[in-house]
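Student: A single structure is presented below for examination.
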Amino acid sequence: MAIAATISHSVTPVTRRSFTPTNLLRSSSLSYSSDIAFKSNLTLKSTNFRVSATSMSISAPEKASRASFLDRKESGFLHFVKYHGLGNDFILVDNRNSSEPRVTPEQAVKLCDRNFGIGADGVIFAMPGINGTDYTMRIFNSDGSEPEMCGNGVRCFARFISELENLQGKQSFTVHTGAGLIVPEIQDDGKVKVDMGEPILKASDVPTRLPANKDESVVKSELDVDGVKWNVTCVSMGNPHCVTFGAIEGRILQVDELNLAEIGPKFEHHTVFPARTNTEFVEIISPSRLKMRVWERGAGATLACGTGACAVVVAAVLEGHAARNCTVDLPGGPLDIEWREEDNHVYMTGPAEVVFYGSVPL
Numbered sequence: 001m002a003i004a005a006t007i008s009h010s011v012t013p014v015t016r017r018s019f020t021p022t023n024l025l026r027s028s029s030l031s032y033s034s035d036i037a038f039k040s041n042l043t044l045k046s047t048n049f050r051v052s053a054t055s056m057s058i059s060a061p062e063k064a065s066r067a068s069f070l071d072r073k074e075s076g077f078l079h080f081v082k083y084h085g086l087g088n089d090f091i092l093v094d095n096r097n098s099s100e101p102r103v104t105p106e107q108a109v110k111l112c113d114r115n116f117g118i119g120a121d122g123v124i125f126a127m128p129g130i131n132g133t134d135y136t137m138r139i140f141n142s143d144g145s146e147p148e149m150c151g152n153g154v155r156c157f158a159r160f161i162s163e164l165e166n167l168q169g170k171q172s173f174t175v176h177t178g179a180g181l182i183v184p185e186i187q188d189d190g191k192v193k194v195d196m197g198e199p200i201l202k203a204s205d206v207p208t209r210l211p212a213n214k215d216e217s218v219v220k221s222e223l224d225v226d227g228v229k230w231n232v233t234c235v236s237m238g239n240p241h242c243v244t245f246g247a248i249e250g251r252i253l254q255v256d257e258l259n260l261a262e263i264g265p266k267f268e269h270h271t272v273f274p275a276r277t278n279t280e281f282v283e284i285i286s287p288s289r290l291k292m293r294v295w296e297r298g299a300g301a302t303l304a305c306g307t308g309a310c311a312v313v314v315a316a317v318l319e320g321h322a323a324r325n326c327t328v329d330l331p332g333g334p335l336d337i338e339w340r341e342e343d344n345h346v347y348m349t350g351p352a353e354v355v356f357y358g359s360v361p362l
């Protein structure tokens with residue numbers, strides 16, 4: 001069965017950001033500083049989500065094109081906005097009229113496929129709030145699994161809500177997630193600051209089967225992965241993280257030299273992590289700057305992981321490597337992380353950007 005899809009690529013004025021559509025038009029000489037729209041007629045084969053472009057055109061959108069796009073309610077179509085937080089990209093879906101996701105985990109896998117689908121690390125649903133919260137956020141990973149929370153995803157979620165609700169200026173709201181209450185705040189500069197709550201350190205709650213070695217926590221503990229012994233600290237930010245600053249007997253970790261695709265799955269599926277785990281490999285630049293690469297549970301190697309950056313700072317403080325206020329460099333860019341002593345909460349600040357608007361038949 002052949003079906004058609006439309007993609008609208010929106011770019012904000014140059015005072016906010018600029019865009020060079022080199023990947024779409026294969027031209028490094030084209031750049032735009034005003035809103036433009038890319039429209040492509042695509043043939044999608046529903047059996048395996050094959051996509052083949054048949055035409056492409058560029059046209060100036062009408063005024064309020066974003067609002068009109070987000071207001072579309074045609075049955076049988078999924079209207080979405082693709083966002084990214086430092087390259088960690090998501091398909092955002094307006095699901096505020098239902099507590100059931102508009103797509104299944106199996107459909108999410110196809111949508112996230114970077115060759116035969118839209119391409120993303122996950123699908124995020126903006127849903128009605130529960131237990132007194134303003135909204136609920138649910139996520140399906142690119143493998144169809146559902147994580148408790150996602151730090152970069154919640155920043156994208158916040159920007160999506162501000163667009164849906166036409167919010168202006170500094171705004172905050174409450175979000176129910178699988179990890180509990182999350183409070184994002186949109187800053188005047190467009191970045192999003194998120195109160196990620198308190199880190200969970202009790203080994204059984206992370207969860208990990210590694211024996212606690214500091215109170216009830218696992219801090220700088222030994223983990224054998226294929227005969228190599230690593231120092232690891234286990235932290236949950238509502239989802240499990242295993243943080244390592246290097247092997248016990250080895251030189252200082254150089255994260256750019258890691259074969260993440262080889263080592264990452266061995267950590268994720270290790271028997272000491274009953275719910276699997278996200279894994280962060282960290283290089284210490286200074287007490288206020290850390291560099292990390294991440295293997296995400298259910299998504300693999302990604303350009304950024306917000307909860308992972310939070311877990312890294314908590315682990316670095318516990319192991320005595322860093323201060324409570326750090327910049328964490330990820331492949332997609334930096335995040336500012338603060339673990340406040342006063343309330344024990346972790347605060348994450350970083351960007352979230354629109355990539356494009358699109359529609360696909362369901």
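In the UniProt record's numbering, the protein residues as written are 1 to 362.
Glycine included, C-beta positions come from ideal geometry on N, C-alpha and C.
These numbers come from a predicted model, not from an experiment.
#1: In the DSSP assignment, find the alpha helix (DSSP H) that holds Gly264 and state where it starts and stops.
#2: Could you tell me which whole alpha helix (DSSP H) segments of length 4 or greater appear in the segment 102-131?
#3: For Ser172, which option in Lys202, Gly178 and Phe160 has the closest C-alpha, if you only look at C-alpha atoms?
#4: So, does the CB of Asp336 fall closer than 7 Å to a CB anywhere in chain C?
#5: State yes or no: is the C-beta of Val109 nearer than 6 Å to some heavy atom of the ligand HEM?
#6: Between which two residues does the alpha helix (DSSP H) holding residue 414 run?
#7: Do three or more CB pairs link the segment 125-133 to the segment 168-186 at distances below 8 Å?
#8: Is Leu362 helix, strand or coil when you go by DSSP?
#9: Quick one: measure Cβ to Cβ for Gly306 and Cys112, integer angstroms, because I've assumed they're closer than 8 Å.
#10: Please list the terminal residues of the continuous beta strand (DSSP E) segment that includes Leu223.
#11: Rank Asn325, Pro274, His270 and Trp230 by C-alpha distance to the C-alpha of Ser313 and give the top, closest one.
#12: Considering Val206, what are the terminal residues of the alpha helix (DSSP H) in which it resides?
#13: Alpha carbon to alpha carbon, how far is Leu335 from Asn97?
#14: Give me the DSSP bridge partner(s) of Arg138.
#15: Write down the C-beta distance between Pro101 and Phe80 rounded to the nearest angstrom, noting that I regard them as a contact closer than 8 Å.
#16: Given this structure, state the Cα-to-Cα distance separating Met237 from Met196, to the nearest angstrom.
#17: Buried or exposed, going by whether 16 or more other CB atoms sit within 10 Å of the CB of Arg340?
#18: From Pro361 to Arg297, what distance separates their C-alpha atoms?
#19: Contact check, Asn278 vs Gly308 under 8 Å by CB: the rounded distance?
#20: Could you tell me the boundaries of the alpha helix (DSSP H) in which Val317 lies?
#21: Drop a sphere of 10 angstroms on the beta-carbon of residue 363, count the other beta-carbons inside from all chains shown, and report buried for 16 or more, exposed for fewer.
#22: Measuring straight from C-alpha to C-alpha, what distance separates Asp188 and Ile248?
#23: Reducing DSSP to helix, strand and coil, say where Asp336 ends up.
#24: Got a sec, what are the start and stop residues for the beta strand (DSSP E) His79 sits in?
#25: Would you mind sorting Ile115 into buried or exposed? The rule is 16 or more other CB atoms within 10 Å of its CB.
#26: What residue range is occupied by the uninterrupted beta strand (DSSP E) comprising Gly300?
Tutor: The relevant details are as follows:
#1: From DSSP, the alpha helix (DSSP H) with Gly264 extends over Leu260 to Glu268.
#2: For the segment 102-131, the full-length alpha helix (DSSP H) segments reaching 4 residues or more read 105-112 along the chain.
#3: The option with the nearest alpha carbon to Ser172 is Phe160.
#4: As a matter of chain content, chain C is missing from the structure shown, which is built from one protein chain.
#5: This structure lacks the ligand HEM; in fact it carries no ligand of any kind.
#6: Since the first and last residues shown for the chain are 1 and 362, residue 414 lies out of range.
#7: The segment 125-133 vs the segment 168-186: in contact.
#8: Looking at Leu362 - three-state DSSP - the assignment turns out to be coil, as it is neither helix nor strand.
#9: Rounded, the Cβ-Cβ distance is 18 Å, inconsistent with contact.
#10: Per DSSP, Leu223 belongs to the beta strand (DSSP E) from Ser221 to Val225.
#11: In the sequence under discussion, the amino acid at residue 313 is Val, which differs from the Ser named in the question. The shortest Cα separation from Val313 among Asn325, Pro274, His270 and Trp230 belongs to Asn325.
#12: Neither: Val206 is in no alpha helix (DSSP H) and is coded neither H nor E.
#13: About 33 Å.
#14: Residue pairing of Arg138 in beta bridges, as defined by DSSP: Phe125.
#15: Between Phe80 and Pro101 the Cβ distance is about 12 Å, and since that is not below 8 Å, they are no contact.
#16: Met237 and Met196: Cα-Cα distance of roughly 7 Å.
#17: Exposed, because fewer than 16 other Cβ atoms sit within 10 Å of the Cβ of Arg340.
#18: Pro361 and Arg297: Cα-Cα distance of roughly 29 Å.
#19: Taking 8 Å as the upper bound for CB-CB distance, Asn278 and Gly308 are in contact here, some 6 Å apart.
#20: Val317 -> alpha helix (DSSP H) spans Gly306 to Leu318.
#21: The displayed coordinates of the chain run from 1 to 362. Any statement about residue 363 would go beyond what the structure contains.
#22: Looking at the two C-alpha atoms, the distance is approximately 44 Å.
#23: Residue state, collapsed to three classes: strand.
#24: Segment Phe77 to Gly85, the beta strand (DSSP E) holding His79.
#25: Checking the sequence, you will find Asn at residue 115 rather than Ile. Classified as exposed, Asn115 has fewer than 16 neighbouring CB atoms from the shown chains inside 10 Å of its CB.
#26: For Gly300, the enclosing beta strand (DSSP E) begins and ends at Gly300 to Thr302.
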